[in-house]
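Residue 1312 is where the sequence shown starts when you use our numbering, and the numbers rise one by one after that.
Glycine included, each C-beta is placed from N, C-alpha and C at the ideal position.
Fair warning: this is a prediction, and the values are worked out from it, not measured in the lab.
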Amino acid sequence: MNVFAEFRRTVMQAVQTLAEQGDLPASLPFDAIAVEPPRDPSHGDLATNVAMVLGKPAKLAPRALAEKLQPLLAAHPAVTAVEIAGPGFINLRLQPEYWQQQTAVILKAGIGYGDSQRGEGKPVNVEYVSANPTGPMHVGHCRGAVFGDALAALLEKAGYQVCREYYINDAGAQVDVLARSVHMRYREALGESIEIPEGLYPGDYLKPVGAALAQKYGDTYRNAPEADWLQTFRQAATDAMMAMIKDDLAALNIRHAVFTSERALHESGAVQQAYDRLQQRGLIYTGVLEPPKGKLPDDWEPRPQSLFKSSEYGDDTDRPLKKSDDSWTYFGADIAYHDDKYRRGFHSMIDVWGADHGGYVKRMKAAVKAMSGGEADLDVKLVQMVNLLDDGQPVRMSKRAGTFVTLRDVVDEVGRDVVRFIMLTRKNDAQLDFDFKKVTEQSKDNPVFYVQYAHARISSVIRNAATELPGLDVTDSALAGADMGLLKHEAELALLKLLASWPRLVESAADAHEPHRVAFFLQDVAAGFHGLWNAGRDDAGLRFLLPEERELSRARLGLIRAVAIVIASGLAVMGVTPVEEMR
């Protein structure tokens, strides 16, 4: 149950009633009407901008419209007061009983509390990670992987049908470099003493690949021309790297449903077909681009080129699709890839990229708009790098990769749940510090500990209830039948109001494609619970277990179980397992 959605419907019904009475025009636009918590809790429980939004189209001063709506909103059985603030904002106060009833709603819904039908089952493609298959994933990839996976889970909770996808960049020059690097390790496995030349990949992770090829082919390719072994080694190396990447992702409990190969797009003719479709629509022409200011990009050449009219779709300039040797630019292949997603039925696409790809966003959004005739939408989420620290000091090297810290290094050091939670404690486009010491310390300054500790504390209280209140049924279904009207303390009601905002947060975070909001929300919930716990230490009458007051204890147990359920529901979106006890 979404309290805010329910009262938004109440607000719209009040507007419709005024329209039916002739006090307002018919068919007023409702899209911008919002019902949300007021910024200052002292102003009430709910706030709506309805009068501010509809005042102009209704040809009324917002405050005058608010005054017309006031008695209709006051008629709702849960409303105790309707107050008009400023130029026309409307604040609502609700009966405590309304919030108390939300406890049973949460207990009955279980971890499914907050599930929404907002997405109406619409398909969404979320492409994330898509690291070049040239080595193990590093900590920067880790952040994008967690962000993309949590966003996919958030959209599923909001009612969308989500496809998790990985784009394998296996057609570029970097894959040939990988094959040459593996050939060096192959020769090493055959007994040669080698020195990895500059420009090749030096990591030890390629040694097993070279050894496997040596075992399979013997010295067949030791001194053979590159043309004889390049394709074979390229495929073997790519397969081995993708197996490594999938294994690294599995350590984070991340599994993609679809893997699309860039090379396969080229070999199937999909890139040429996408080009032909753009050409048929008059969106390709031959021209010479002006040199850009500053550093020249790799795809700029002072010659006639096949250009896509991306500037007609919001880009800064038109873009080349072919190089001077008539091979495709990366952009040409990326257009074909997104066209492929569109033709698979995805009109809504989300790409998760590293922040260094920011200059590529406009052209890709332009291409999606052009290829789909405006039917498809692409949202690109840029993920900033992670500053990896240990007690404030930079961590720069991996024993396995040789040049960077791998995803697996981080997961093995602190655990999957810690990594996933911390990676979501900042907005995706903000810098994030990951300090090994701080993310494992048991203090309120460590958000993952703070939230998990709340869940563990609640589990402990429930276990202790069997001793202190023998015979009490503490199942969720039984606790849902407790007299929630006994939850009267200000802190209890404040916590209930916060829990009731979880369904709204799911929808708003899904709309904005911002899963970090879940982490922020859970920290607020944990703070509310810990505050109530501490209040019970100062005032024995506020404790959760009061043997002399069993019914009040039942109600409070119901409240904290509701807290645990909401925490578990949020952690499920984040891909984190709630704990029953801290170790």
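Residue closest to L1798, alpha-carbon to alpha-carbon, out of R1867, S1880, V1393: Residue R1867 holds the alpha-carbon nearest to the alpha-carbon of L1798 among R1867, S1880, V1393.
At least three beta-carbon pairs within less than 8 angstroms, the segment 1546 to 1564 to the segment 1722 to 1733: yes
C-alpha distance - A1879 paired with A1820, whole-angstrom precision: 17 angstroms
DSSP beta-bridge partners of E1476: E1438, V1569
Of the residues A1456, A1873, V1322, Y1648, the one placed nearest V1416, counting alpha carbons only: A1873
Whole-angstrom distance between A1811 and V1346, CA atom to CA atom: 13 angstroms
Helix, strand or coil at D1596 according to DSSP, with G and I counted as helix: According to the sequence displayed, residue 1596 carries Tyr and not Asp. If DSSP states are grouped into helix, strand and coil, Y1596 belongs with the strands.
E1724: CB within 7 angstroms of a non-hydrogen atom of the ligand MN: Only the bare structure without any ligand can be found here, which leaves the ligand MN out of the picture.
For E1506, three-class secondary structure by DSSP: Reduced to three states, the DSSP call for E1506 is coil.
Cβ distance (whole Å) where K1738 is taken to contact H1827 below 8 angstroms: 5 angstroms
Spatial distance of V1672 from A1789 (CA atoms): 53 angstroms
Pairwise C-alpha distance: E1378 and E1331: Their Cα atoms are separated by approximately 17 angstroms.
Close-in-space but distant-in-sequence residues of the same chain around A1897 (CB under 6 angstroms, 5 per side omitted): Residue coverage of the chain in this structure runs from 1312 to 1894, which leaves residue 1897 outside it and unanswerable.
Cβ neighbours of F1544 in the same chain (closer than 6 angstroms, five flanking residues each side left out): So the qualifying residues of the chain are A1490, V1493, H1494.
Delimiting residues of the beta strand (DSSP E) encompassing M1660: 1659 to 1665
Candidates N1534, G1796, D1487, P1519: closest to A1500 by CA position: P1519
Length of the line joining the Cα atoms of D1626 and L1618: 13 angstroms
Given G1881 as reference, the closest of E1438, L1329, V1326, L1465 once Cα atoms are compared: L1465
Endpoints, the alpha helix (DSSP H) within which S1617 is located: Segment 1616 to 1619 is the beta strand (DSSP E) holding S1617; no alpha helix (DSSP H) there.
Cβ contact (3+ pairs, closer than 8 angstroms) linking the segment 1698 to 1709 and the segment 1741 to 1759: yes
DSSP state of E1394 mapped onto helix, strand, coil: In the three-state reduction of the DSSP assignment, E1394 falls in the strand class.
Assigned secondary structure, D1835 (DSSP; H/G/I helix, E/B strand, else coil): D1835: helix per DSSP, three-state reduction.
Outcome for V1569 when other beta-carbon atoms lying within 10 angstroms are tallied against a minimum of 16: exposed
Member of G1425, F1832, A1802 whose CA lies at the smallest distance from the CA of K1468: G1425
Beta carbon of S1659 nearer than 8 angstroms to that of V1817: no
Of the residues L1371, Y1624, R1404, the one placed nearest P1398, counting alpha carbons only: L1371
Bridge partner(s) assigned by DSSP for P1447: Answer by DSSP bridge pairing: none, since P1447 is not bridged.
Local conformation of I1344 per DSSP, three classes: Judged by DSSP in its simplified three-state form, I1344 adopts coil rather than helix or strand.
Member of M1795, D1637, G1455, A1823 whose CA lies at the smallest distance from the CA of R1865: M1795
Minimum C-alpha distance to A1918 - residue among A1369, A1375, P1373, R1404: Residue 1918 falls outside the range modelled here, since the chain spans only 1312 to 1894, and no answer is possible.
Residue of G1656, P1781, P1447, K1676 minimising C-alpha distance to M1553: P1447
Supposed close pair Y1292, K1620 - CB separation, criterion 8 angstroms: Any answer about residue 1292 is impossible in this case: the structure gives the chain only from 1312 up to 1894.
Distance CB(V1361)-CB(V1393) smaller than 8 angstroms: No.
Integer Cβ distance of L1462 from H1824, believed to fall under 8 angstroms: 6 angstroms
Nearest candidate by alpha-carbon position, reference T1549, set V1488, L1594, P1508, H1577: V1488
Cutoff 8 angstroms; reference G1432; Cβ partners in own chain excluding five residues on either side: G1470, Y1471, Q1472
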